[in-house]
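A short write-up of the structure that comes next.
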Amino acid sequence: MAVGPYGALLEAVRGVRWPARRAVAGGAPGAHLARSRGVATEFAEYRPYRQGDDPRRVDWKLLARSDRTFVRLAPDRAVLPTLVVVDASASMDFPGGRDGKWPAARRIAVGTAAVVHASGDPVGVAIAAVPGAVRLPPRTRRGVVAEIARTLDAVSPGGNAPLAELLAGAPARVLVITDCLGDLGALHAAARGHVASGGDAHLVHVVARAELDPPRGATFATDPEDPSVRRPLTDETRAAYLDAFAAWRADTARAWRDDGVAYHVAMDDEPAEMVVRRVVVLPGGGARA
Numbered sequence: 001m002a003v004g005p006y007g008a009l010l011e012a013v014r015g016v017r018w019p020a021r022r023a024v025a026g027g028a029p030g031a032h033l034a035r036s037r038g039v040a041t042e043f044a045e046y047r048p049y050r051q052g053d054d055p056r057r058v059d060w061k062l063l064a065r066s067d068r069t070f071v072r073l074a075p076d077r078a079v080l081p082t083l084v085v086v087d088a089s090a091s092m093d094f095p096g097g098r099d100g101k102w103p104a105a106r107r108i109a110v111g112t113a114a115v116v117h118a119s120g121d122p123v124g125v126a127i128a129a130v131p132g133a134v135r136l137p138p139r140t141r142r143g144v145v146a147e148i149a150r151t152l153d154a155v156s157p158g159g160n161a162p163l164a165e166l167l168a169g170a171p172a173r174v175l176v177i178t179d180c181l182g183d184l185g186a187l188h189a190a191a192r193g194h195v196a197s198g199g200d201a202h203l204v205h206v207v208a209r210a211e212l213d214p215p216r217g218a219t220f221a222t223d224p225e226d227p228s229v230r231r232p233l234t235d236e237t238r239a240a241y242l243d244a245f246a247a248w249r250a251d252t253a254r255a256w257r258d259d260g261v262a263y264h265v266a267m268d269d270e271p272a273e274m275v276v277r278r279v280v281v282l283p284g285g286g287a288r289a
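Just so you know, the working numbering puts the end of the sequence shown at 289, numbered straight through with nothing missing.
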């Protein structure tokens, strides 16, 4: 698979799996515990073995006959279609360069997509961009991770594209990657509704290191999505800004977690594989690697 600059990242998350936080409703046979358990012990389907699969599910007789390794999928297991929603608004283009918020978001999205695909689950991407959203529906086919990477790399952040509408009709599991500087209220309501309907929602809040340590000296902070909004950022106002930004981040984390959304913070200069592993770990350390 052609992965461009993501090769080292994909190697770092090889073998990592993302188990469901709760039983999955119905669906095709897969790796996750289903809500409706079958009474029979027969295995419904097979799929090729992937690194990290439980060896106890390998069909050794089929291996002996075909010289190919398959795992058996029981009827009480289900797949978990996953949509990665990525914010490509203008504020994500800060501060620019390799370690800006947008490159970080792309790396996290690709790494997570690889984990989902390796778990045997359909994975797709929806990018909130201007002039319109870019979508790839969840798929399990070979090459889908490379397709997601190419799609993300072809998008340049800009404008003020809404995220909330991308959650409409979303599959069972949703991961939103954003700096939370856009339509946060509407996005929160959409994620809360997704959880209330039995879905699984995750948020990765991307923060730039420069936002935590803005340059000293008299300057102006400009809203990248509305250049007419400018705030003086002087030595006198810097401390107040840092306090307000910290309080806002804490309030945001608490509000999302209180509504059942798994909330994670990712720094723009943080290795993406570390963020991916935090996202997929269940409470109590339930992720597999």
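Glycine included, every Cβ here is placed at the ideal spot set by N, Cα and C. Here the structure is a predicted model, which is why all the values come from computation and not from measurement.
Taking 7 Å as the cut-off, decide whether the C-beta atoms of residue i and residue j are in contact.
i: leucine 163; j: alanine 128; result: yes
i: leucine 184; j: alanine 126; result: no
i: alanine 172; j: glycine 199; result: yes
i: aspartate 179; j: valine 206; result: yes
i: glycine 111; j: valine 276; result: yes
i: isoleucine 177; j: valine 204; result: yes
i: valine 261; j: alanine 189; result: no
i: alanine 12; j: glutamate 273; result: yes
i: serine 89; j: glycine 4; result: no
i: arginine 72; j: aspartate 59; result: yes
i: alanine 161; j: tyrosine 6; result: no
i: valine 130; j: glycine 158; result: yes
i: proline 81; j: proline 138; result: yes
Report all residues from its chain with a CB closer than 7 Å to the CB of residue i; omit the five preceding and five following residues, and keep chain order.
i: proline 95; result: Ala208 and Ala210
i: aspartate 99; result: Asp268 and Asp269
i: leucine 9; result: Arg107, Val110, Gly111, Ala272 and Glu273
i: leucine 136; result: Gly124, Val125, Glu147, Ile148 and Thr151
Could you give the DSSP three-state label for residue i: helix, strand or coil?
i: alanine 40; result: Any answer about alanine 40 is weak, because its pLDDT of 35 lies below 50 and its placement is not dependable; what the coordinates show is given next. DSSP places alanine 40 in coil when its eight states are reduced to three.
i: leucine 163; result: coil
i: tyrosine 241; result: helix
i: valine 195; result: helix
i: threonine 82; result: strand
i: valine 13; result: coil
i: valine 281; result: coil
i: aspartate 269; result: coil
i: proline 103; result: helix
i: aspartate 213; result: coil
i: valine 155; result: coil
i: glycine 111; result: helix
i: tryptophan 18; result: coil
i: proline 95; result: coil
Among the options, whose alpha-carbon lies nearest the alpha-carbon of residue i?
i: threonine 140; options: Arg277, Thr112 and Val116; result: Val116
i: alanine 191; options: Thr69, Lys61 and Tyr263; result: Tyr263
i: valine 134; options: Phe70, Val84 and Arg21; result: Val84
i: valine 123; options: Lys101, Gly132 and Glu147; result: Glu147
i: glutamate 236; options: Ala246, Trp248, Ala247 and Arg216; result: Arg216
i: valine 243; options: Ala253, Trp256 and Leu212; result: The sequence given here places aspartate at residue 243; valine does not occur at that position. Nearest of Ala253, Trp256 and Leu212 to aspartate 243, Cα basis: Leu212.
i: aspartate 54; options: Val86, Ala118, Ala246 and Arg65; result: Ala118
Go through its chain and collect everything with a Cβ distance to residue i's Cβ below 6 Å, but skip five positions before and after it.
i: arginine 291; result: Nothing can be reported for residue 291, as the shown portion of the chain is limited to 1 through 289.
i: leucine 187; result: Leu163 and Ala164
i: alanine 104; result: Val206 and Asp268
i: glutamate 42; result: Note on glutamate 42: pLDDT 45, under 50, position unreliable in the model; the coordinate value appears next. Taken in chain order, the list of residues that qualify is empty.
i: alanine 253; result: Tyr263
i: tryptophan 256; result: Leu203 and Tyr263
Which partner residues does residue i have in the DSSP bridge list?
i: valine 134; result: Ile127
i: arginine 292; result: The structure shown has nothing for residue 292, since the chain only spans 1 to 289.
i: threonine 178; result: His205
i: aspartate 200; result: Arg173
i: alanine 262; result: His202
i: leucine 63; result: DSSP lists no partner for leucine 63.
i: arginine 139; result: Val123
i: aspartate 87; result: Ala128
i: valine 58; result: Val71
Sorted by chain position, which residues of the same chain lie with C-beta nearer than 8 Å to residue i's C-beta, five sequence neighbours on each side aside?
i: arginine 68; result: Pro48 and Leu62
Looking at the C-beta of residue i, does it have a partner C-beta in chain C at a distance below 7 Å?
i: valine 85; result: Of the protein chains in this structure there is only one, and it is not chain C.
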